[in-house]
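Residue numbers (the numbering used here): 1 to 313. What follows is a set of notes on a single structure, which appears directly below.
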């Protein structure tokens, strides 16, 4: 292995970008290099590590075993190196930061749209990477692969968690296939219905299924989908019931669709405290503190609209 004194440490950040993006053009944009410059960097890295690192496949570049090992090590090492140096104050107008966010499509809709717009306007040289929610997000936060996550259930105690707002749930169903003609759905009606579930973690929908378990009941699942909007679309023309956060309907035109019935969820389903999560090492980072303040502002702007839940009435 190459001795540390012979390694150009300036290559580590482009290396991390290449291994995470698995795409020369995207990696170049992430570290503000031209594509030819990044291609030259990749050649140097291959010579340094005596490994191809990225190999072509029908689906794009794949990591070699050496590259995968480096990717995991760099995810831990680079944040530690950054912590060696004190950060100066953050000036959004001139800064060129890369902010890495993650959350569900719900977070992208009710917080992300305004947050992205604000960051791009106030810090035009900065870059945002918004990644979809997955089971390894907490590990990503610990490793430094993600800066800020949005989440609606209990997080690990090792992460910072700040409440952004309290969210109520509503039940959405096709008006022609509604399990009840009333303006509310009681628990008995709810349990008789067949449901579409948004798979947040291990096939369950966070607060909704946890609330039902605490009440000693379980709903009948007819369909599991990965996204809230997929659940919303699935109820049209079917007898399925979707239990969704109210702000999602406020943010989407489907909330005004008269073919849908939107009623309050049964009282047994708790209100969700929606959180933003980050690792404690980012507590005092000026750029991250600025980002979190923009997220707070975006969350305040997502307050649900006044009016009855029943759509079209």
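Ideal placement from N, C-alpha and C gives every residue a C-beta, glycine not left out. Keep in mind it's a predicted model, so treat the numbers as computed, not measured.
Residue range of the beta strand (DSSP E) that residue 165 falls in?
Unbroken beta strand (DSSP E) run through residue 165: 160–167.
Anyone know if the C-beta pair for residue 217 and residue 272 falls short of 9 Å?
No.
At 3 residues or longer, what runs of the beta strand (DSSP E) sit wholly inside the stretch 103–153?
Complete beta strand (DSSP E) runs here, min 3: 127–132, 148–151.
Give me, in chain order, the residues of the same chain whose beta-carbon lies closer than 6 Å to that of residue 138; leave out the 5 immediate sequence neighbours on both sides.
Cβ contact annotation for residue 138 (same chain, cutoff 6 Å, sequence separation greater than five): 156, in chain order.
Decide if residue 262 is buried, meaning its Cβ has at least 16 other Cβ atoms within 10 Å, or exposed.
So residue 262 counts as buried.
Does the structure place the stretch 131–150 close enough to the stretch 266–283 that three or more beta carbon pairs sit under 8 Å?
Contact between the stretch 266–283 and the stretch 131–150 is present, with at least three C-beta pairs closer than 8 Å.
Can you round the beta-carbon distance between residue 195 and residue 220 to whole angstroms, since I take them to be within the 8 Å contact cut?
Between residue 220 and residue 195 the Cβ distance is about 6 Å, and since that is below 8 Å, they are a contact.
Thinking residue 130 and residue 108 are a contact (beta carbons under 8 Å), I'd like their distance in whole angstroms, please.
With a Cβ gap of about 6 Å, residue 130 and residue 108 count as contacting.
Count Cβ pairs between the stretch 7–14 and the stretch 30–38 that sit closer than 8 Å; are there 3 or more?
When C-beta atoms of the stretch 7–14 are compared with those of the stretch 30–38, three or more pairs fall below 8 Å, so the two segments count as touching.
Answer with buried or exposed for residue 170, where buried requires no fewer than 16 other C-beta atoms within 10 angstroms of its C-beta.
Looking at its Cβ environment, which holds 16 or more other Cβ atoms inside 10 Å, residue 170 is buried.
Taking 9 Å as the threshold (beta carbon to beta carbon), is residue 218 in contact with chain B?
Among the chains in the structure shown there is no chain B, since it carries only a single protein chain.
Over what stretch of residues does the alpha helix (DSSP H) that includes residue 24 continue unbroken?
Note, residue 24: alpha helix (DSSP H), 24–30.
Take residue 133 as the anchor and find which of 118, 117, 106, 223 has the nearest alpha-carbon.
The shortest Cα separation from residue 133 among 118, 117, 106, 223 belongs to 106.
Go ahead and label residue 228 buried or exposed: buried means 16 or more other beta carbons lie within 10 angstroms of its beta carbon, across all protein chains shown.
Residue burial is scored here from C-beta neighbours: residue 228 has at least 16 other C-beta atoms within 10 angstroms and is therefore classed as buried.
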